[in-house]
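Okay, so here's the structure we're looking at.
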Amino acid sequence: MSVIDQLTRRLGQAPVNVSRRGFLAGSGALVLATALPLRPLRGQEAAAEGPAVTAFLELRSDGTALLRSPFIEGGQGIFTAMAQIVGEELDLAPENFSVEIAPAGGPFAIMGGYRLTGGSMSTRTGYPVMRQLGAAARAMLVEAAAQDWGVDASELVTEPGIVVHEGSGRRVAYGDLAAAAMDLPVPAEPTLKDPADFRWIGTALPRMDVRAKSTGRQTYAIDVEVEGMLLAALRHAPRLGLTPAAVTNQAEIEAMRGVHSVQMLDGAVAVVAEKFWQARRAIDAAEIDWTEGEARWPMPADFSSVGFRDTLAGATGEVVEVEASGDAAGVLEAAETMIEATYDAPYVAHGQLEPPSATARFNEDGTLDLWMPCQAPEMFVGAAAAAAGLDASQINLHQQVLGGFFGRHFLYATANPFPQAIALAKAVGRPVKLIWTREEDFLRDAPRPLGLARFRGAVGPDGPTALQVEVVGEGPTQRWYQAPPGQDPSATEGISGKTYAIANKHIGQIYHANPAVIGYWRAVGHSMHDFMYESFLDELAQAGGLDPFEMRLSLLSSSERHRKLLERVGELSGGWRPGPFEAEEGTTRARGVAMASPFGSEAAVIAEVSVDGGEVRVHQVWVALDPGQVVNPSTVEAQVQSAVALGTSQTLVEELVYENGEPTARNFDMYPILRPDQMPQVHTAIVESGAPMGGVGEPGLPAVGPAIVNAVATLTGQRIRSLPLSKHDFG
Amino acid sequence: MQLNINGATHDVDVEPDTPLLWVIREELGLTGTKYGCGIAQCGACTVLIDGVATRSCVTPADSVEGLEIRTIETVEDTEIGRRVVEAWVENEVAQCGYCQSGQVLAATALLSDIPNPTDEDIDGAMTNLCRCGTYNKIRAAVRSVSEA
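Chains as they are written, first to last, in the numbering used here: chain C, -10 to 720; chain G, 305 to 452.
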């Protein structure tokens, strides 16, 4: 909605040539930044005028290019996609690019003074600006050749990396033009390629990082090494709101091998040592007295996720309207067939395999260097400046390639280690790398909120006639960005925003604060709400004696895009199979179907399940994904595999349980995630409908869960309304 | 104590029960071996000990004195290891990549032991976790080596 509109408007700005005033002046490289209207971080106004103009694109005299990606690589393949887009318009093969993470601030804050890697927004928001960047650079190289040869630029064409004058047969490599192009103005509106002529956009180019990631050479924040640094491990208070009163065996701990010191932090105790293992051993030995302290979101000592689920189920209060049409209440009242159901989904942990870490170093000139994982650099710089008592211009943030993220590395106050690393570096007067153990990550993660919704629906012989839903709870966008109830997509998306033509509907939110520190998890609200809605839709089909696949087709009769997508996934699976059937392997199986409209894309999913030893087994998942248009189909296919894995994982086994104010799981032993032998086969159809480009990282996920749950209902007759499936017995 | 890591003998001065993972990362500075869970659940820390895939986060350093330890940094020194890496590149297995050092070594151990593994062999040997869900590509890459 409005965020995307804003972005699109801002991204329409032209690049500028900063070769001469850029830091590379004299190097012979053509350097392009952008003329995007910047909103400098507080205190950065002066810096923005200074010499440190950083560039999006540098075309060097050897014909290679360095691209600084505003978006962070964390496995989604964004570096490769950015090189494909710029390379397409520049007419330079993507293999000639090296791609780095762009530093915080400057021209890279392309979302209007900030940016983030999330919301499945990178490719779709980067696409217009990256095309313009490439096209502008190409036009300047062509103009440089035209001036050199005394011909009109219109007589020139390019081949990858080369400007060609077809009349005379003259050719010159881009690298040889870079210096001359530096002196040229940037065309205000460079001509973009006709997509019909695309050479690289839309093709399955190999990812740039696969070799480094197959040989252990890719480094992450946890691998950062800074001269003279100490290592730190810590133990958090078991609940937010407690704070350390004393470490009763502090002298003993400080005498342990390698230990530098014990440090009291807000809500935690840290040990700083020469080596991480020494710090870890010492903090494990620490005997800490905790006392009541201060916290923005103190965790009640008696909090339990089971109790909270019941609280949400019984919550009353104002129902803030999110979507409404017709007369849902009236039709429900008069309906012959009306059903009701309450659905819930648990807290889930991010479980990215790289534990959080941060390295902090104060420099002699008063600046602070930070190395850490982060999905929103400008926001982290602001928070780091506040934590360190410095100006934002004094923070040098070195973002690192992410060892998985799934929403883990946004700014979540108590869930990010960098304020602690800053405090420790300040306390010991040396650089400090703080690593959270997996146990501390589970304790202080900002999980996907436990969610609940109450459904009432009416169905007639032709399908659902009315739907009324009350979504109860709090979304992360309200928690962190103060979105009011009813206007927080993260609180209702997947129940709101559905396409089915149900004439009478009322979707509302009852706000109820969540005592836990909640965060964004892959596919955010969609990750649970589509499970609830699409499952209830199957309940309506059953109540009406209708086939769930055919009923959906009929509800989509006025939306060709959605109807075709559903038909496509049906074909992909070999034709819709409505009931249980005997598979070749001798098992009885069933299939379920579901759809979702997440992050600007559309998805339709069919899942095939059996029950083995009382547990659900997912054999195959078919996904038809329509992101409008794609840049790299193999990346999209990989993202669908990944989304199916996480969607299957949370549906089958994931649940972060709280008892007595603490999560009962602190590692992967008590919080299982999908194992290799639980991974279904995945069959993907990418549909390019030509609609505006949508996201691809998250959209494959939301429909997976309900397709599985609907298949289970068909197979077993058990309608599961509370995830995960592992807590139910199918024996 | 003396440890034989990647074909060289290293004198390391650590507490005897220090996990091999942290000796490799902090004493030798080899960061390709990853810390993921510390309790042998995820396999990101997998190394080869006398050719056997082993979770180094729970392996005390003094328990592997005299044994041959190999990390991801030298996986391509063996023919099987080289083919596994090429299969990983060819199949574009990695997403975030954090677990892949362990995955490559687990596959190397499997294929060194059983050149043509059955599905059950693969299920039994390839148990490392991947949060990005690259499991199908991992299996395809293992298959491509066994069928090569």
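Where is the CB? At the ideal position from N, CA and C, for every residue including glycine.
From a predicted model like this one, the values you see are computed outputs, not experimental measurements.
The contact set of R359(G) on chain C, defined by CB atoms closer than 8 Å, is empty, because the minimum CB distance reaches about 12 Å.
Counted as a single uninterrupted DSSP element, the stretch harbouring K422(C) is not any alpha helix (DSSP H) but the beta strand (DSSP E) occupying residues 421 to 424. For the pair of segments examined, the region 399 to 414 of chain G was found not to touch the region 318 to 328 of chain G: the number of CB pairs separated by less than 8 Å stays below three. In the structure shown, the three-state DSSP call for S360(G) is helix.
Look at the region 297 to 372 of chain C and you find these whole runs of alpha helix (DSSP H), each 4 residues long or longer: 317 to 323.
Taking CB atoms only, E178(C) has no neighbour in chain G less than 8 Å away. For E281(C), same chain residues with a beta-carbon under 6 Å away, outside a window of 5 residues either side, do not exist.
Counting along the chain, I373(G) sits inside the beta strand (DSSP E) bounded by residues 372 to 374. Here the alpha carbon of E178(C) sits roughly 12 Å from the alpha carbon of V118(C). Approximately 7 Å separates the beta-carbon atoms of E677(C) and G617(C); this is inside 8 Å, confirming the contact. A572(C) and L413(C) have their alpha carbons spaced roughly 60 Å apart. Taking a cut-off of 8 Å on C-beta distances, the region 683 to 696 of chain C does not touch the region 376 to 386 of chain G, as fewer than three cross pairs fall below it. Excluding the 5 residues flanking it on each side, T53(C) has same chain C-beta neighbours closer than 8 Å at N85, F86, S87, G164, in chain order.
At a cut-off of 8 Å, the C-beta of A312(G) has no neighbouring C-beta in chain C.
In the DSSP assignment, H314(G) is bridged to L307(G). Per the coordinates, the alpha-carbon of L173(C) lies some 17 Å from the alpha-carbon of V161(C). Setting aside the 5 residues that flank it on each side, L561(C) is surrounded in the same chain by W611, A613, H672, A674, each with a C-beta closer than 7 Å to its C-beta; the list follows chain order.
Along the region 480 to 529 of chain C, the beta strand (DSSP E) occurs as fully enclosed runs of 3 or more residues at 493 to 500, listed in sequence order.
The shortest CA-to-CA distance from T624(C) to any of S109(C), A193(C), M171(C), R437(C) is the one to A193(C). At least 8 Å separates the beta-carbon of A480(C) from that of E459(C).
Of the candidates N238(C), G396(C), A259(C), G706(C), G706(C) places its Cα closest to the Cα of P569(C). With the criterion set as a beta carbon lying under 8 Å from some beta carbon of chain G, the members of the region 663 to 694 of chain C are L663, R664, P665, D666, M668, Q670, V671, in sequence order.
Close partners of V594(C) in chain G (Cβ separation under 8 Å) are lacking, with about 15 Å as the shortest Cβ gap. Within the same chain, and ignoring the five residues on either side of E155(C) in sequence, the residues whose Cβ sits closer than 7 Å to its Cβ are V146.
About 4 Å separates the beta carbons of R57(C) and A91(C), which is inside the 8 Å limit, making them a contact pair. The beta carbon of K202(C) sits closer than 8 Å to some beta carbon of chain G. Bridge partners of M253(C) according to DSSP: V258(C). Interface flag for D80(C) against chain G is unset, since no Cβ pair is found closer than 8 Å. For the region 324 to 337 of chain G, the residues whose beta carbon sits under 9 Å from a beta carbon of chain C are, in order, L325, W326, V327, R329, E330, E331, G333, L334, T335, G336, T337. For L231(C) and P691(C), the gap between their C-alpha atoms comes out near 36 Å.
Contact annotation: in the region 345 to 377 of chain G, residues whose CB is within less than 8 Å of a CB in chain C are Q345, C346, A348, T375, I376, E377. Residues of the same chain with a CB within less than 6 Å of the CB of W425(C), apart from the 5 flanking positions on each side, are P344, P345, P406 in chain order.
A Cβ of chain G is located within less than 8 Å of the beta carbon of W266(C). In this structure, DSSP gives W266(C) a helical state, which the three-state scheme calls helix. The beta carbon of L334(G) is closer than 7 Å to those of I328, T375, E377 in its chain, skipping five residues each way along the sequence. Taking a C-beta distance under 8 Å as the contact criterion, Q364(C) and G107(C) qualify as a contact pair.
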